[in-house]
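Participant: Just passing along the structure, written as structure tokens.
In the numbering used here, the protein residues as written are 504 to 762.
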């Protein structure tokens, strides 16, 4: 039975990661055809860094993702703290409203935001693209932070207040360290969602402002081989980031167990 479970587990991993591994392998393929191996080459990586359109789209993607993640993490954390302190009925009502954009289809959110920006006479461009990404990232941050707030020992916070700490000091030294894993998770989710988004970005960007997903969609010749190289680099960067985070968490657990 154990052997069967292991086989099933490895098959699931193969199903999940085989497409990504195929993409990484073909990013080193010298041939332009996807059905033929022309030998190992860094040709498409060189083409990637020579392409000004791709570099501009990558810069826009990273800039929007980081700005949206930072702003949505701050706003989402503050919102989660406020909801945690509010009454039960109000908190549940607001959480239901907050999670509504997560349940909505992307096209509904994208068109709704576009109509809102048009009504407000905001010219579609980088600002509207950033605002739209912040909008759909905030609920995920709240979703990541709220469970950590439920697990906090409220007695420690109240004891800090009784010992003379201000509310700001108590939040900074007691609450924030406890919910930090949730904040980091919300930030990483926001970055991933922002980089991945296409539909909302498509409806809320202007002329000359493209992220990677829009650039790939607007390519008249289909997916270019240099996009394989770009995807491989992005996958590698995410993998390294996750490894660093996991190693830090493991080190923290070892240090705490040693105490």
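C-beta atoms are modelled at their ideal positions from N, C-alpha and C, and glycine is treated no differently.
1. Have a look at residue 705 and residue 613 and give me their C-alpha separation to the nearest angstrom.
2. Need the endpoints of the alpha helix (DSSP H) that residue 511 sits in, please.
3. If residue 702 and residue 610 are in contact, beta carbons under 8 Å, what's the gap, nearest whole angstrom?
4. Going by C-alpha to C-alpha distance, which of 648, 649 and 676 sits closest to residue 660?
5. Might you give, ordered along the chain, the residues of its own chain that have their beta carbon closer than 8 Å to the beta carbon of residue 533, omitting 5 neighbours on each side?
6. Quick test of the definition: if touching needs 3 or more C-beta pairs under 8 Å, does the stretch 632 to 639 touch the stretch 569 to 576?
7. Express the C-alpha separation of residue 627 and residue 748 in angstroms, rounding to a whole number.
8. For the alpha helix (DSSP H) that residue 692 lies in, which residues bound it at each end?
9. CA-CA distance, residue 579 and residue 645?
10. Could you have a look at residue 532 and say whether DSSP puts it in helix, strand or coil?
11. Would the beta-carbon of residue 526 fall within 9 Å of that of residue 731?
Facilitator: The structure says:
1. Looking at the backbone, the Cα of residue 705 and that of residue 613 are separated by about 8 Å.
2. Under the DSSP assignment, residue 511 falls in the alpha helix (DSSP H) whose first and last residues are 505 to 529.
3. Contact flag correct, Cβ pair sits at about 5 Å.
4. 676
5. 541, 542, 543, 544 and 546
6. yes
7. Cα to Cα, the separation comes out at about 36 Å.
8. 679 to 699
9. Their backbone Cα atoms lie some 5 Å apart in a straight line.
10. strand
11. yes
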